[in-house]
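**Q** Take this structure, written in structure tokens, and hold onto it; I'll ask about it next.
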Amino acid sequence: GLLGCVPGISSYIGGDITAGVLACGMDTEKDLCLLIDIGTNGEIVLGNREWMISCAASAGPAFEGSGVSCGMRARKGAIQRVKINKSTYESDVTTILNSKSAGICGSGYIDLIAEMLRAGIIDKSGKIKDIENKHIRVGKLGKEFVVDDNIYINDVDIDNIKRAKGAIYSAAAILVKHMELNFSDIKKVFIAGGFGNYLDMENAITIGLLPDIERSKFKFVGNSSLLGAREIMLSSDAARKAEEIAKKITYFELSTDPKYMDEYVAALFFPHTDANRFANIKL
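Add 13 to a position in the sequence shown, counting from 1, and you land on the number used in the working numbering.
What follows is the structure in structure tokens.
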């Protein structure tokens, strides 16, 4: 058989994003779109059929289940949904394939932190509060909140997730500002990543991972890279379109923007240090 590579855009924006743009159909959209691929290297594409610009942010592996105490990839047994009782702090969890809890995947962490914020278990900096409750204990790395069967999250885990979400949100914000636009100008937001088959957009906005804009604009597309690669493998027309997409996308280096670090630091809060950006989130 033949082995081929999907064309990349730059050193930090590879063929996975070319395939993702193809799968989402951004290259055919008249309206302004935003693609956010949430992973260790958070990649973002802004544009439509006329033009596209991209950037990459080093988010770390927290949303892929690595670098966090009980993290795992989105597979059998991973906690992917969490609801917390505000009175008892008891967690109601849903796992992939409804199996016994084995750990927490990216979508589970997003739900968990959003619910901990709503229940008042953590403050907006992400620190677990001093609360007398059987679900809160002290471990080797500080306070821990027990979610299910000794599966827990601690202050260090929350900090890692905060940095990951801050990197992705701030990168998107800088890219939009660079084009002299606002998040409100965007008509469609495609969210990609290895979250399995579930991602709660409201919770992702609550923690400040995604911008606080109309919820109807968001669409979770799952593993867009794999979907695009499948199209390319099965269709010569799709392969040709992938070549055109890669040539069309301009790469923007975040480190060249003097405001990026300020934007990133401002995002190290739940949901953000600027409450006006998340006016619809009440905590």
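In this text, a Cβ means the ideal position worked out from N, Cα and C, and glycines have one as well.
The structure displayed is predicted, hence computed values, not measured ones.
Please work out which residues of its chain come closer than 6 Å, Cβ to Cβ, to residue 69, disregarding the five sequence neighbours upstream and downstream, and give them in chain order.
**A** Position 56 of the sequence shown holds residue 69. 25, 26, 54 and 56, listed in sequence order.
**Q** Determine the contact status of residue 124 and residue 86, defining contact as a CB-CB distance below 8 Å.
**A** The count along the sequence shown starts at 1 and reaches residue 124 at position 111. The count along the sequence shown starts at 1 and reaches residue 86 at position 73. The answer is no: Cβ separation not under 8 Å.
**Q** Using the beta-carbon count (16 or more within 10 Å), is residue 185 buried or exposed?
**A** The residue you call residue 185 lines up with position 172 of the sequence shown. Its Cβ being crowded by 16 or more others within 10 Å, residue 185 is buried.
**Q** Where are the alpha helix (DSSP H) runs, 4 residues long or more, that stay fully inside the region 91-171, in chain order?
**A** 119-132
**Q** Taking contact to mean at least 3 C-beta pairs separated by less than 8 Å, is the region 66-80 in contact with the region 40-53?
**A** yes
**Q** Quick check on DSSP: helix, strand or coil for residue 193?
**A** Stepping through the sequence shown from its first residue, residue 193 is reached at position 180. Residue state, collapsed to three classes: coil.
**Q** Whose C-alpha, out of 252, 176 and 110, is nearest the C-alpha of residue 80?
**A** Stepping through the sequence shown from its first residue, residue 80 is reached at position 67. Minimum Cα distance to residue 80 is reached at 176.
**Q** How would you write the range of the alpha helix (DSSP H) that residue 244 sits in, first residue to last?
**A** For the purposes of this step, residue 244 is taken as the residue at position 231 of the sequence shown. Where residue 244 is concerned, the enclosing alpha helix (DSSP H) stretches over 237-247.
**Q** Can you tell me the Cα-Cα spacing of residue 302 and residue 84, whole angstroms?
**A** Beyond the ends of the chain as shown, which are 14 and 296, falls residue 302; an answer cannot be given.
**Q** DSSP on residue 216, reduced to helix/strand/coil?
**A** What you label residue 216 is simply residue 203 of the sequence shown in a count that begins at 1. Residue 216 falls in the helix class under three-state DSSP.
**Q** Assuming contact is defined by CB atoms lying nearer than 8 Å, are residue 164 and residue 117 in contact in what I supplied?
**A** Here the question's residue 164 lines up with position 151 in the sequence shown. Here the question's residue 117 lines up with position 104 in the sequence shown. With a cutoff of 8 Å on beta-carbon distance, residue 164 and residue 117 are scored as near each other.
**Q** Does DSSP classify residue 267 as helix, strand or coil?
**A** Translated into positions along the sequence shown, residue 267 becomes position 254. Residue state, collapsed to three classes: helix.
**Q** Helix, strand or coil: how does DSSP classify residue 201 here?
**A** If you number the sequence shown from 1, residue 201 lands on position 188. Three-state DSSP puts residue 201 in a strand.
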